[in-house]
Amino acid sequence: MANLRQYCSTLAGLIRLPVAPLRFNTSLEPTHVPQVYAQFTRRHPRYKIIRSKTMGAALIDVGDLNTREKYLDEIKGKNNGAYHAARARKRGYVCKEIDRNAYVDDIHDINISQGSRQGRPMDKAYTEKRERFEVLSNFQYYGVLNRDGKLVAYATFGIYGNFGAFSQLIGHRNNDGIMHLLIVDVVCRQIGDGKLQYIMYDTYFGAQAGLRQFKTILGFRPYRAKYSLQ
């Protein structure tokens, strides 16, 4: 009975989540965009009655924020995202768009720097060195460089329609705030471009507590996503 009450309480909480209409636009990339739509809307591997990335999608409504200053104000304060990003900048790190093929060795070093992440072994796709990276027209590629110009973190960011999503987000593990800087800078750039309504960083409920907290201090909140394909 206690488990049933907990289940009903959890379900009611999910239903009360704010709804975000996420629209895929195939004209951005006719092959890749429908593939990602199919991935996002397939049946959840554990909870068959819902779609994979529907309940608890981790989103920032950048259309509602509409200025970089509003976003930074949302995540200001000691130990929040803006604080850690500023700390990384003071230590000489910079974030910029990159050509991944100019940083093949650095990317491999990042990928193999930890044997496991979020409690799971690194996938073989990361541990095997890539000599060349494909560039997709609806993707943007970002990196954080240290004072010596070495890449210490990188992100791949897909534009799918009225929203964009982090596809890869990985870096060397240190306490300098490099991952906060990476996300804050990408979000600020998207707000400045003014083309997106939402930014996604996977989901909340499949993540460990530390990752959920990381997403929260960077401004992501759980939503109930409704997807469409145009």
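FYI, our numbering numbers position 156 of the sequence shown as 156, with every residue one higher than the one before it. Every residue gets a Cβ at the ideal spot worked out from N, C-alpha and C, and that includes glycine.
Annotated as distal: serine 167 and glycine 161, with beta-carbon spacing of 8 Å or more. A straight-line Cα-Cα distance of about 5 Å links tyrosine 93 and asparagine 146.
DSSP, read as helix, strand or coil, puts threonine 67 in coil. For valine 33, the secondary structure class from DSSP, reduced to helix, strand or coil, is helix. In terms of Cβ geometry, isoleucine 75 and isoleucine 217 form a close pair [threshold 8 Å]. Residue environment: proline 222 is assigned as buried (16 or more neighbouring CB atoms within 10 Å of its CB, all protein chains considered). Considering only His32, Leu181, Arg23, Val187, the residue with the shortest C-alpha distance to asparagine 79 is Leu181.
Within the stretch 120-154, the complete beta strand (DSSP E) segments at least 3 residues long are 139-145, listed from N- to C-terminus. Within the model, the alpha-carbon separation for alanine 20 versus alanine 165 is close to 14 Å. Distance from the CA of isoleucine 191 to the CA of phenylalanine 220, rounded to the nearest whole angstrom, comes to 14 Å.
Tyrosine 154 is a Cβ neighbour of isoleucine 170, given a cutoff of 8 Å.
Out of Ala85, Arg132, Pro121, Leu22, the CA that lies nearest to the CA of aspartate 61 is found in Leu22.
When secondary structure is reduced to three states using DSSP, leucine 181 falls in the helix class. Here valine 144 is near cysteine 95, since their CB atoms are less than 8 Å apart. Counting along the chain, phenylalanine 214 sits inside no beta strand (DSSP E); it lies in the alpha helix (DSSP H) bounded by residues 209-217.
DSSP, reduced to helix, strand and coil, places leucine 28 within a helical segment of the structure shown. Residue burial annotation: phenylalanine 24 is buried, with at least 16 other C-beta atoms found within 10 angstroms of its C-beta.
Here arginine 100 is buried, its C-beta having at least 16 other C-beta atoms within 10 Å.
Closest in C-alpha terms to arginine 132, from the list Arg120, Tyr103, Glu69, comes Tyr103. Residues of the same chain with a CB within less than 6 Å of the CB of leucine 59, apart from the 5 flanking positions on each side, are Ala20, Tyr198, Met200, Tyr223 in chain order. Secondary structure at isoleucine 60: strand, using DSSP grouped into helix, strand and coil. Annotated three-state conformation of phenylalanine 40 is helix, per DSSP.
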